[in-house]
Amino acid sequence: MNRRRFLKAAVAGPFPMIVSSRVFGRPGRPGANDRIQVGVIGVGGRARWLMRYMGNEVPEAEIVAVADCYLPRCYGEDPQSRHTPLSEEQMRWGKYQNYHRMFEKEKLDAVFVQTTTHARVLIAIHAMQAGLDVYAEKPITLTISEGRTLVNAVRKYNRVLQAGSQQRSIPINRYASELVRTGKIGKIESVIVCNYLPGLQWTPQPEQPIPEGMDWDMWCNQTELRPFHQSLFRGWANYVDYDGGGQSWGVTGWGTHGLDQVQCALGTDDTGPVEMWTENRLTQDEPSFSLAKDPKWQPVIGRKPVILRFASGTLVKLEEPCRGGRIEEGGHDQLGAVFVGESGRIKIIRGNYTADPQELLKGAPEPTKEGRGEDTFHLKNFFECMRTRRRPNADVETAHRATSLCHLVNICRQLDRKLRWDPKAEKFIGDEEANKLTSRPRRKGFELHQGVAPEQSQ
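Numbering-wise (this note's numbering), the sequence shown opens with residue 19 and increments by one.
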C-alpha cells in the first residue's frame with residue numbers, strides 16, 4: 019500500500035488518526051529510518067522472549083527503549099534471573115524506570131506492555147493517550163470492567179491494540195478454526211477444555227528490604243501497597259489481587275489461550291455465554307490436581323468443573339484433565355479445546371489439530387514446532403496493522419471477550435451457583451453480588467481515565 023492509499027484508509031474511520039511518519043515505510047526493504055520504533059514496558063521473561071523474536075525475525079520494527087519499575091532489569095542486572103550480557107545495540111537503548119519519561123523523551127510508534135496483569139490496562143491507556151499503538155500481553159485485564167474500559171479507550175483514541183494471544187495468527191490454528199465455524203462437523207454441541215486452576219490468596223510475609231532500583235509503589239499500581247517480598251514480586255501471577263490464576267495451568271495462564279481458541283473457533287468474538295454453573299466433582303488424574311492439594315497452593319476459591327452455555331445451545335465444559343506433551347501424545351489440551359459436532363470432532367491446540375473425519379486434515383497448513391516461530395506471525399500482523407490501520411487478529415474486543423470467559427469462570431466458582439449473564443450489557447441478570455465481582459476498587463493515584471471507564475456496578 020502506498021502512502022496516499024494508506025492515508026485514505028487511515029482517515030476513513032470516525033476519529034482522526036495520530037500516526038507517526040515513521041510508520042509509512044518506503045517500497046522495498048525498509049531503511050533504519052523507516053522501521054517502526056518500539057518501546058518495551060516490563061522487561062521480564064516473556065518480554066525478553068518477544069524481544070529476541072523482534073531482533074531475529076521481524077525486520078520491520080526495532081526496539082529503541084525499555085522501561086521497568088525494577089530498573090536493573092533494563093541493564094540485564096537482575097541478580098535472581100538469568101540474563102545474558104547486553105549486546106552493543108541493547109546498550110544504546112533508552113532505559114527508564116518510569117514509562118512516562120520514556121513517552122516524553124523517545125520518538126516511539128508503539129509500545130509492548132509486558133507488565134504484571136494488574137498494571138497492564140492503565141499503562142496501555144496512558145500509551146494510547148500519548149498517540150502510541152499497543153501490543154499487550156495476555157491476559158489483558160484483571161477484571162471484566164477493566165476490559166470494557168480498555169475497549170472504549172482503543173476506540174476513543176483510534177489506536178491499534180494487539181493482545182498476546184498468538185494462536186490467532188498461527189496459520190494452522192486459523193485454518194482449523196474456520197473448519198469449525200463453517201460447519202464442517204455440523205452444529206457444535208459441546209466444547210471440552212482443561213479444568214484450569216484458579217488463583218491463590220497471598221499470605222502476608224515478613225517485610226523484606228526493597229531492592230535498589232525498585233519503585234515498589236509503581237509496581238503495586240492499583241493494588242494495596244503491601245510490604246515488599248521477593249515471593250510476591252517474582253510469583254505475582256499466582257495471586258488473585260494481581261491476576262486471575264496466571265500460573266501455568268491457571269485460568270488466566272494457559273486458560274487464556276485455551277478459552278481464546280474456543281471463542282475463535284465458535285465465532286463468538288463479540289459475545290459470550292448466557293448461563294454458567296459448577297459441577298460437584300474434581301478431576302484427579304493430572305499434575306495440577308496434586309499441585310492443588312499442596313497446602314501451600316490451595317486456591318482462594320474452589321476448582322470444580324464449570325459449564326458455560328452459549329445462546330446457540332453449545333456447552334463449553336471445563337472438565338478435561340490438564341496434561342503436557344504434543345498432540346500426537348494426546349496432550350497440550352491446556353492450549354486448546356476439543357469441538358464436538360453433530361458429524362465429527364476437531365481438536366485444536368497451538369500449532370496443530372486433529373479431526374474426525376480425517377478428510378478435514380486435507381489442505382491444512384503445516385503444523386508449527388513448539389516454541390519456534392509461533393510469535394512471529396502475530397508480531398508481523400501487529401506491525402502490518404499499524405501500517406494499514408486495520409484491526410489486528412487479536413483486537414481489543416476479541417481479547418476482552420476471551421479474557422472475560424476466564425473471569426466468568428472464576429466468579430462462577432467463587433459463588434458456586436448457577437448464574438445468568440447478559441453478554442451485551444456485560445452484567446449478571448438479577449444477581450447484585452455477582453455483578454460486584456466484575457470490577458474492583460483501585461488505589462488512589464491509579465484510577466482509570468474517567469472518559470473511557472464504564473459505570474461501576476452498584
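Yeah, the Cβ is synthetic: ideal placement off N, Cα and C, and Gly gets one too.
query: Whether VAL258 touches GLN219 by CB criterion (8 Å); result: yes
query: Whole-angstrom distance between GLY381 and THR135, CA atom to CA atom; result: 38 Å
query: Neighbourhood of MET72 by C-beta, 8 Å cutoff - its chain only, sequence neighbours within 5 removed; result: VAL56, ALA79, GLU80, ILE81 and LEU397
query: Residue of LYS123, HIS467, ARG66 and LYS445 minimising C-alpha distance to GLN132; result: ARG66
query: Counterpart residues of GLY362 in DSSP-defined beta bridges; result: GLY359
query: Residue interval of the beta strand (DSSP E) (run including VAL517); result: Only positions 19 to 476 of the chain appear in the structure, and residue 517 is not among them; the question remains open.
query: Residue interval of the alpha helix (DSSP H) (run including TRP234); result: 234–238
query: 6 Å CB neighbourhood of ASN239 in its chain, flanking five on each side removed; result: HIS136, ALA137 and PHE464
query: Sequence-distant residues of its chain with Cβ nearer than 6 Å to VAL209 (five each side left out); result: VAL280, VAL334, ALA355 and PHE357
query: Range of the contiguous beta strand (DSSP E) that encloses GLY510; result: Outside the modelled stretch of the chain, which goes from 19 to 476, sits residue 510, for which no answer is possible.
query: DSSP state of VAL269 mapped onto helix, strand, coil; result: coil
query: Beta-carbon gap between ARG368 and ASN191 smaller than 8 Å; result: yes
query: Presumed contact (8 Å Cβ cut-off) between ILE366 and ALA145, rounded CB distance; result: About 32 Å; that fails the 8 Å criterion.
query: Which residues DSSP lists as bridging GLN180, in chain order; result: TYR153
query: Residue range of the beta strand (DSSP E) that includes ASN74; result: Careful: ASN74 lies outside any beta strand (DSSP E), inside the alpha helix (DSSP H) at 63–75.
query: Burial state of SER105, where buried means 16 or more other Cβ atoms lie within 10 Å; result: exposed
query: Heavy atom of the ligand ADP within 7 Å of SER163 beta-carbon; result: This structure does not include the ligand ADP; it has no bound ligands of any sort.
query: Range of the contiguous beta strand (DSSP E) that encloses GLU207; result: 206–212
query: Member of CYS403, ALA83, VAL84 and THR286 whose CA lies at the smallest distance from the CA of GLU196; result: THR286
query: In DSSP terms, what ASP440 is bridged to; result: LYS445
query: Beta-carbon gap between VAL470 and ILE143 smaller than 8 Å; result: yes
query: Enclosing alpha helix (DSSP H) for LYS454 [first to last residue]; result: 450–454
query: Own chain, CB closer than 6 Å to GLU207, minus 5 neighbours either side, in chain order; result: VAL358
query: Collapsed DSSP secondary structure at THR296 in the structure displayed; result: strand
query: ARG327: first and last residue of the uninterrupted beta strand (DSSP E) it sits in; result: 324–327
query: Helix, strand or coil at ASN411 [DSSP, three-state]; result: coil
query: GLN352 versus PRO157: straight-line alpha-carbon distance, rounded; result: 15 Å
query: Selected residue, minimal CA-CA separation from HIS425, among LYS125, GLY149 and VAL269; result: VAL269
query: Three or more C-beta pairs below 8 Å linking the segment 407–417 and the segment 158–169; result: yes
query: Contact under 8 Å by Cβ, ASP515 with SER183; result: Residue 515 cannot be examined here, being either before or after the span of the chain that is shown, 19 to 476.
query: Beta-carbon gap between LYS113 and VAL76 smaller than 8 Å; result: no
query: Enclosing alpha helix (DSSP H) for GLY246 [first to last residue]; result: Reading off the sequence, residue 246 comes out as Phe, not Gly. No alpha helix (DSSP H) holds PHE246; DSSP gives it neither H nor E.
query: Spatially closest choice to TRP439 from GLY448, GLN432, LEU433 and ARG64, by CA coordinates; result: GLY448
query: Same chain, Cβ closer than 6 Å to GLY273, neighbours up to 5 away in sequence not counted; result: TYR214 and CYS424
query: Beta-bridge pairing of GLY112 - partner residues as DSSP gives them; result: ALA83
query: Cβ-based burial, THR102 [other Cβ within 10 Å; buried from 16]; result: exposed
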